[in-house]
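In the order they appear, the protein sequences are chains A and B. In terms of the working numbering, the first sequence has 518 at position 310, counting the first letter as 1, and numbering is strictly consecutive. In terms of the working numbering, the second sequence has 3 at position 15, counting the first letter as 1, and numbering is strictly consecutive. Here's the structure, in structure tokens; my notes come after.
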Amino acid sequence: MHADALVSGSAETNFALESHDLVKDFGDTRAVDGVSVAVPTGSIYGLLGPNGAGKTTTLRMLIGIIDPSSGTRRVLGRERPIEAAAEVGYLPEERGLYPAMHAREAIAFMGALRGLPLAEGRRRADELLEEHALGDWAKKPIRSLSKGMAQTVQLLGTIVHRPKLIVLDEPFAGLDAINQGRLEELIRRETRTGATVLFSTHVIAHAERLCERVAIIAKGKVAFDGRVDDARAKLSSIVRLRTRASDGPWRSAFPAGTRREGDEWVFELPSAGPEPLLRALLDGGAGIETLAIERPGLHDAFVAIAGDKAAAQMGQEKPQ
Amino acid sequence: MMRFIRSSFVIARRDFGATVLSKAFIFFLLAPVFPLLFGSLFGGIGARIAARTERPVIAVIDSRADFDRLAAARDQLTQALGEEAVVKLVHYEVEPDAAAEVDRLLASTQPPVRAVLTGGLAHPHLTGAIARDDPTAAQLQLLLSTARTAPKPSEPALPVTSLKSSSGSLINDRAVTAQIGQTLLFVLTILLSGMLLSQLIEEKSNKIIEVIAAAVPIDAMFVGKLFAMLAASVVGLVVWIGAGAIIVEMLSKRGVATLPMPAVGWFGFFALTVVYFGMNYLLLGAAFLTIGAQASTAREVQTMSMPVTFGQMLIFGFATTAIGAPDSPGAIAAAIFPLSSPMTMLARAAEEPQWWPHLLAIGWQALWVALILRLGAQLFRKTVLKSGPRVKWWKRARLN
Chain A
209 MHADALVSGS AETNFALESH DLVKDFGDTR AVDGVSVAVP TGSIYGLLGP NGAGKTTTLR
269 MLIGIIDPSS GTRRVLGRER PIEAAAEVGY LPEERGLYPA MHAREAIAFM GALRGLPLAE
329 GRRRADELLE EHALGDWAKK PIRSLSKGMA QTVQLLGTIV HRPKLIVLDE PFAGLDAINQ
389 GRLEELIRRE TRTGATVLFS THVIAHAERL CERVAIIAKG KVAFDGRVDD ARAKLSSIVR
449 LRTRASDGPW RSAFPAGTRR EGDEWVFELP SAGPEPLLRA LLDGGAGIET LAIERPGLHD
509 AFVAIAGDKA AAQMGQEKPQ
Chain B
-11 MMRFIRSSFV IARRDFGATV LSKAFIFFLL APVFPLLFGS LFGGIGARIA ARTERPVIAV
49 IDSRADFDRL AAARDQLTQA LGEEAVVKLV HYEVEPDAAA EVDRLLASTQ PPVRAVLTGG
109 LAHPHLTGAI ARDDPTAAQL QLLLSTARTA PKPSEPALPV TSLKSSSGSL INDRAVTAQI
169 GQTLLFVLTI LLSGMLLSQL IEEKSNKIIE VIAAAVPIDA MFVGKLFAML AASVVGLVVW
229 IGAGAIIVEM LSKRGVATLP MPAVGWFGFF ALTVVYFGMN YLLLGAAFLT IGAQASTARE
289 VQTMSMPVTF GQMLIFGFAT TAIGAPDSPG AIAAAIFPLS SPMTMLARAA EEPQWWPHLL
349 AIGWQALWVA LILRLGAQLF RKTVLKSGPR VKWWKRARLN
């Protein structure tokens, strides 16, 4: 389902966030070129793309930090994102907190910015810090916290006011494997309470594990927008087959494009399914030692959609 | 609107707390002590140096009788002009070699002799490093004329009836009040509002600006920051004025009562001083916040500080033209120009009793505070956050 169709034809309440043809120019450089996305309410939506693809600029436009050069956006049904600010939580890519502020105060301050009374913000901050094993650090200044702890504090400040829409820009960057796992769990938990989560990442594994829908952005354009399964469905499954005989006339039964990788024959699953091919191989005396049908991953889909170069950039940083 | 006010309040509360509850604020409160300490220290040194450095004198080679008449004439002039304003005379007896005596005296350093007067009252002649039209020569001419006139034995003193004020004295004295008020306003504002130049550096360097810009309107952030610093400055002022009042109370019985009553009365003048300080702070502060918001590093802020200070001095200079002539075209222009308006209007409060111009001016100034803040926020969004469509007006103009 393409965003254009969603924006023009659907009920407003179905989407927590929509954009139509967003364009952003910085000087003579077009950073974002006609981005249209629609984030269904209650979903986890990933904005996937290599560094410099335009993900951060898109997010900043979507939540109203900057205005687009052209195009429109709608956040929780409002044309002006700032009007929905009380119901939105945002974690920027470049983390920032006041170093002298105590962890508890920092969380309460971020809540207060979104309209949460300070006293309530402090109460929730204490709860959240306890939940995340940071209770002992509640009254310590941010500057005394480790980078991971400070990132957690900022994340807690992002959700302290219980927003309906949570926007996270590269939330996993800089976190160790344990904290990445915790963050994934936190994102899932927030969506279970009805929140919508939109996050950007250049690590495909996170998007694959978490997202129901993704938009793949490359060179400022949306190359794909839809369900993860739909992205995968763009590619056929890959068959890896090992025959007992090394060669024979039965070889002509393989579909075009079949290649040999070691002892294996590798080819795309034929549209008619594997049965006719297997029958021909058995009748021809090839014998079948092993057979594996691999469903394509999001990475394969990404390569097919965004191209090898973008995929190579994405591959530079693996999840920890 | 309520959301805007609430957002501004959240920003203001954070900034106010971060400023007032920091250790650095103690130094801020102690700031006026340093100039006072240095002033008294260097003043004392200066006084000692001045005491050690003797003033050049005019050596008078003459008979004792003639010199006494000259000295009596000097006393008369001293009563009118003050001791420091009148040339100092030292008597020397006539020696046989007059030319040698003149040369010796001119070379003397104890005391340092500027010129030598010879020839008595009848044929006076002045020799020394002095021009014909020098005021010293003119003073000596006056002293000689007075000394030549025989003193009248019982010249009656001029009878004087002292009144509290007259139109001439009131205008003059109120100008003094206007000047003091205006200078105080300028000094306080220049000391306090300069801090606003660097107000956004912390947010920009900590990257928290993204969090704030996503949550509250930029205008609200500007308003919050401005009022937080105004509040912190008011805390400083209350401490300083309180401490100052205690010191004045301890050292003087009359204090500000020695100043002439302003045209709007003391209570009105004090109230207007508070309001105009606020307006002056908000106007200049809004401008500084706008300018400072463009800087991305502390170094850039420092570079901006000097031209900004010069700008403030120019504005102060413009405002001072209103003193003594509050209805002159220059004064009206200074009252209309928003950045000089508070200082100009405070001077007016000392000199003119009408209240309506003040109500008008305060409304006008408030409007400009809002306009400058709005402009500053838009400029910040445009140039710092790079927000909004690209405006290539020059290209458009070229195409047309």
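Beta carbons are placed, not taken as given, at the ideal position from N, Cα and C, and that holds for glycine.
Residues of the same chain with a CB within less than 6 Å of the CB of B/PHE255, apart from the 5 flanking positions on each side, do not exist. By the rule that beta-carbons nearer than 8 Å mark a contact, A/MET318 touches chain B. Taking 8 Å as the threshold, the shortest C-beta distance from B/ASN268 to chain A does not fall below it. With fewer than 16 other CB atoms across the displayed protein chains lying within 10 angstroms of its CB, B/MET(-11) is exposed. The segment 257 to 274 of chain A and the segment 417 to 437 of chain A touch, with no fewer than 3 CB-CB distances between them shorter than 8 Å. Listed by position along chain A, the residues whose Cβ is nearer than 8 Å to that of B/LYS195 are PRO300, GLU302, ARG303 and GLY304. Under a 10 Å Cβ-count criterion, B/MET238 is classified as exposed, with fewer than 16 other Cβ atoms of the shown protein chains found around its own Cβ. According to the DSSP assignment, A/GLU469 belongs to the beta strand (DSSP E) that extends over 467 to 469.
With fewer than 16 other Cβ atoms from the protein chains shown falling within 10 Å of its own Cβ, B/HIS113 counts as exposed.
CA-CA distance, B/THR308 to B/LEU334, rounds to 11 Å. Burial check for A/SER479: the Cβ neighbour count within 10 Å stays below 16, so the residue is exposed. Within chain B, no C-beta atom comes less than 7 Å from the C-beta of A/LEU353; the nearest is roughly 14 Å away. The C-beta of B/SER181 has 16 or more other C-beta atoms within 10 Å across all chains shown, which makes the residue buried.
Sixteen is the threshold: since fewer than 16 other Cβ atoms of the shown chains lie within 10 Å of the Cβ of B/HIS111, the residue is exposed. A/ARG448 places its beta carbon 8 Å or farther from that of A/ALA358. Under the Cβ criterion of 8 Å, A/LEU225 is not counted among the residues facing chain B. Contact annotation for B/LEU373 against chain A: ILE273 and ILE274 [CB-CB distance below 7 Å, chain order].
Judged by DSSP in its simplified three-state form, A/ILE501 adopts strand. Annotation: the continuous beta strand (DSSP E) that includes A/GLY297 extends over 296 to 299. As the crow flies, the alpha-carbon of A/HIS228 is around 12 Å from that of A/GLU287. B/ARG287 does not reach chain A, its nearest Cβ partner there being about 20 Å away, counting only Cβ pairs nearer than 8 Å.
The alpha-carbon of A/VAL411 is positioned some 13 Å away from that of A/LEU383.
With a cutoff of 8 Å on beta-carbon distance, A/THR451 and A/LEU406 are scored as not near each other. Taking C-beta atoms under 8 Å as the contact rule, A/ALA415 and A/GLY254 qualify, at a distance of about 4 Å.
Contact check for A/LEU443 against A/PRO482 fails: the beta carbons are separated by 8 Å or more.
Taking 9 Å as the upper bound on Cβ-Cβ separation, chain A lies near residues LYS195, ILE196, ILE197, GLU198, VAL199, ILE200, ALA201, ALA202, ALA203, VAL204 and PRO205 of the segment 195 to 227 of chain B.
A/LEU363 has its alpha-carbon roughly 19 Å from the corresponding atom of A/CYS419. For A/LEU321, the closest Cβ of chain B is nearer than 8 Å.
DSSP, read as helix, strand or coil, puts B/LYS195 in coil. When secondary structure is reduced to three states using DSSP, A/TRP458 falls in the helix class. Take the alpha-carbon of B/LEU131 and the one of B/ALA103: they are about 15 Å apart. DSSP, reduced to helix, strand and coil, places B/ALA322 within a helical segment of the structure shown.
Per the DSSP secondary-structure output, A/THR409 pairs in a beta bridge with A/LEU256. The count of Cβ pairs closer than 8 Å, one atom from the segment 228 to 243 of chain A and one from the segment 270 to 281 of chain A, reaches three, so the stretches are in contact.
Neighbours of A/ILE290 in chain B, taken as residues whose beta carbon is under 7 Å from its own, are PRO205 in chain order. Collapsing the DSSP output to three states places A/LEU230 in a strand.
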